[in-house]
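Report on the structure given below.
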Amino acid sequence: MAPPRPESRPSPSPPLGALHALLPLLLVAGAVAQTKAATDANAPAPATAATAAPFAPVALTTPDGSRFVLLPDPSVPQVHWVIVSPLDGSDDPAGCEGLARAAFRTSLRGTWSTSPDPGRERAANADLDRHWDLMMKDPRDEAIAAKVRDLNAAALQFDVVEFARLLAAAPAHRPELSEQGGCGTLALTTVAPALGDVGRLLVERRDQQALRRFQNEWLLVFGTRIEAFAGDPLRPLRAELLALSMPGHPLERALQVPVPIVPTFERAMVAWQRSQHPDRTVHLLFGDFDVTTATATLQATFASTSLPRPDAEPLPGPRALTGSRRSVVPGLALPCLLAGWALPAGTDPDVLEVATSLLADGPASLLGQELAKAGLVGATCAATAPWPAAADGRGLFVLEVIAATSKGGLDELVLRVARTAATTMPDAARLQTINLERQRRWRTMAQDPRALARSLAIDAFLWPTRTPRRTAPVDVTGKQVQELLARTFAGHPVLVEGRP
Numbered sequence: 083m084a085p086p087r088p089e090s091r092p093s094p095s096p097p098l099g100a101l102h103a104l105l106p107l108l109l110v111a112g113a114v115a116q117t118k119a120a121t122d123a124n125a126p127a128p129a130t131a132a133t134a135a136p137f138a139p140v141a142l143t144t145p146d147g148s149r150f151v152l153l154p155d156p157s158v159p160q161v162h163w164v165i166v167s168p169l170d171g172s173d174d175p176a177g178c179e180g181l182a183r184a185a186f187r188t189s190l191r192g193t194w195s196t197s198p199d200p201g202r203e204r205a206a207n208a209d210l211d212r213h214w215d216l217m218m219k220d221p222r223d224e225a226i227a228a229k230v231r232d233l234n235a236a237a238l239q240f241d242v243v244e245f246a247r248l249l250a251a252a253p254a255h256r257p258e259l260s261e262q263g264g265c266g267t268l269a270l271t272t273v274a275p276a277l278g279d280v281g282r283l284l285v286e287r288r289d290q291q292a293l294r295r296f297q298n299e300w301l302l303v304f305g306t307r308i309e310a311f312a313g314d315p316l317r318p319l320r321a322e323l324l325a326l327s328m329p330g331h332p333l334e335r336a337l338q339v340p341v342p343i344v345p346t347f348e349r350a351m352v353a354w355q356r357s358q359h360p361d362r363t364v365h366l367l368f369g370d371f372d373v374t375t376a377t378a379t380l381q382a383t384f385a386s387t388s389l390p391r392p393d394a395e396p397l398p399g400p401r402a403l404t405g406s407r408r409s410v411v412p413g414l415a416l417p418c419l420l421a422g423w424a425l426p427a428g429t430d431p432d433v434l435e436v437a438t439s440l441l442a443d444g445p446a447s448l449l450g451q452e453l454a455k456a457g458l459v460g461a462t463c464a465a466t467a468p469w470p471a472a473a474d475g476r477g478l479f480v481l482e483v484i485a486a487t488s489k490g491g492l493d494e495l496v497l498r499v500a501r502t503a504a505t506t507m508p509d510a511a512r513l514q515t516i517n518l519e520r521q522r523r524w525r526t527m528a529q530d531p532r533a534l535a536r537s538l539a540i541d542a543f544l545w546p547t548r549t550p551r552r553t554a555p556v557d558v559t560g561k562q563v564q565e566l567l568a569r570t571f572a573g574h575p576v577l578v579e580g581r582p
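Under my numbering, think of the first position of the sequence shown as 83, with each following residue one higher.
Have a look at this one:
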């Protein structure tokens, strides 16, 4: 399944001097020089990322356990480097849901090696921890609130510009953090001779992270959780669905009422180190580099890590059910329903993407048409799979319906649509429309090599047993869709109904 559109977070943009300002021009100049040299040698003009012939990906595991996917392509003038790490809640301490996300958002603010006084900065962190805790216990104490403000202002004296300058000088152009579902990505652009220098800075970011002013990002994450809690009418149904199908999943905790706390620096560092351990991340390099040289450089650069090995258990998959499970959640504003089935092993993400669109993507979908036939004017439907996001699709195929009126029978309607989809070949015209739209989206995205690298890196992270494919998606057939839905809906469903 194609990952959702990323929510980009701009990287810090302090004044970095003439070198940083000139870096994009230097990279462009290098690209022009390479293109001119190729032309002078009567070489064909380089193709765009969307039309170039694919090069076979190379999988690499470095001595510290980091997983790399190398995609060499001389038609892409620079090298786009993407690191994907988990933001699925599995690394958050209980009661601190979203802490790994907050730590991730601070991760370009520098390391201990760029601190002017690491000892004094650590002491300042401890002082800030203590006063944040006091303020959360008594928010009305203006003296403590003023002290927190003073300590936050004092934290600005610790240099957060130096690390950005080091990246720019490497050179690493436009380091950019973004979040997509349960993934966080760091993307940057460099050139092949600089892979060693950039790699050393990335290891430093991982192992010597200072998490400067993570509390500010934590409060933003907490505010987003409050908004999501209040704005999602299906939130209690999602929590119940997880409790019935995947008990113990960390997302279940994240769906509960957020507790207003500010975690300590130590707890934030634990969340960071768990989520960034080499065992938990994937690197993808895409562009003009020599695989043999790059492999030797990466093996030497990513030789070891000081991060402790995570002790977190792997995310639970859907439990095996011997029969259907049903639950009712009262007190909802509108009648609604969630129905979930465990996805079968070996699910193809391309087929899954088409299947969700055919089944419940708007009023033209199978479920949308049946809701209209049943007279449920204004009802909406959607399908999500895999949910929650997990490696190789070890999640649920979820159908959701929100009705505008109470007519009853939503569960039977949804089950009937599922049975029909499992036994009927999809409409050819609708299938063609979905396939063409998938190809259009891919070609638009692939015009930007960095965007393509990010998409491929997330695919490599979420579908580790699948070979990354940098060509346009092929048409999914009706037979493939029907077979997947037949295998999925052959399992027992979990149905959670919301009633006013």
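Think of the CB as a built atom: it goes at the ideal place given N, C-alpha and C, for glycine as much as any other residue.
Excluding the 5 residues flanking SER388 on each side, which residues of the same chain have their C-beta closer than 6 Å to its C-beta? ASP289
Whether VAL554 touches LEU481 by CB criterion (7 Å): A quick correction: the sequence has Ala, not Val, at residue 554. It is not a contact, given that the beta carbons lie outside the stated cut-off.
Which word fits GLN262, buried or exposed, when buried means at least 16 other C-beta atoms lie within 10 angstroms of its C-beta? buried
With PRO198 as the anchor, note down where its alpha helix (DSSP H) starts and where it stops. PRO198 -> no alpha helix (DSSP H), and no H or E assigned at all.
In three-state terms, what does DSSP make of ALA485? coil
Which of the three DSSP states is assigned to GLY460 in this structure? coil
Same chain only: Cβ atoms within 6 Å of ARG149, ignoring 5 sequence neighbours per side: THR143, VAL364
Three-state secondary structure assigned by DSSP to SER386: coil
Let's test the definition: count the other Cβ atoms within 10 Å of the Cβ of THR404 and tell me whether it reaches 16, buried, or not, exposed. exposed
Selection from SER327, THR547, PRO412 that minimises the alpha carbon distance to GLY573: SER327
In the DSSP output, which residue or residues are listed as bridge partners for ALA465? LEU481
Three Cβ pairs or more, each shorter than 8 Å: is that satisfied between the stretch 277–295 and the stretch 348–363? yes
What does DSSP give as the partner residues of VAL164 in its beta bridges? ALA269, LEU366
Find the nearest neighbour of ALA274 within the set LEU268, GLN529, ASN517, GLY369, judged by alpha-carbon distance. GLY369
For ASP509 and GLY490, I'd like the C-alpha separation in whole angstroms. 28 Å
Ignore the nearest five residues each way along the sequence and tell me which others in SER197's own chain have a CB closer than 8 Å to its CB. GLU203, PHE240, ASP241, ALA292
How many angstroms separate the CA atom of VAL563 from the CA atom of LEU302? 41 Å
Once DSSP output is grouped into helix, strand and coil, what is the label at THR375? helix
Quick one: residues in its chain with C-beta nearer than 7 Å to the C-beta of ALA461, no 5 flanking neighbours on either side, listed in chain order? LEU453, VAL483, ILE484, ALA485, ALA486
Can you tell me whether DSSP reads ALA252 as helix, strand or coil? coil
Check for me: the alpha helix (DSSP H) holding PRO519 runs from which residue to which? For the sequence presented, residue 519 should be read as Glu rather than Pro. That run of the alpha helix (DSSP H) goes 510–528.
Is the beta carbon of VAL578 closer than 7 Å to that of LEU319? yes
In the DSSP assignment, find the alpha helix (DSSP H) that holds LEU419 and state where it starts and stops. Looking at the DSSP string, LEU419 is not in any alpha helix (DSSP H); the run it does join, the beta strand (DSSP E), is 418–424.
Roughly how many whole angstroms lie between the Cα atoms of HIS359 and TRP545? 19 Å
In whole angstroms, what separates the C-alpha of GLY399 from that of LEU323? 13 Å
I need the DSSP call for PRO400, collapsed to helix, strand or coil. coil
Contact between the stretch 338–348 and the stretch 298–312 is defined here as three or more beta-carbon pairs at a separation below 8 Å; is this criterion met? yes
Taking only the alpha-carbon atoms, compute the straight-line gap between PRO582 and ASP223 and give it to the nearest angstrom. 41 Å
At the level of alpha carbons, what is the spacing between GLU348 and ALA185? 11 Å
Euclidean distance between Cα positions of LEU98 and ARG231: Since pLDDT at LEU98 reaches only 33, below the 50 mark, its modelled position is unreliable, and the value read off the structure follows with that caveat. Distance between the alpha carbons of LEU98 and ARG231: 27 Å.
Residues bridged to GLU579 [DSSP beta-bridge criterion]: VAL410, LEU419
Quick check on the DSSP output: the beta strand (DSSP E) that includes PHE150 runs from which residue to which? 149–154
Per DSSP, GLN262 is paired with what? CYS265
Would you give the residue range spanned by the alpha helix (DSSP H) that VAL230 belongs to? 224–237
Does ALA568 come out as helix, strand or coil in the three-state DSSP assignment? helix
In this structure, what does DSSP give as the bridge partners for LEU142? PHE150
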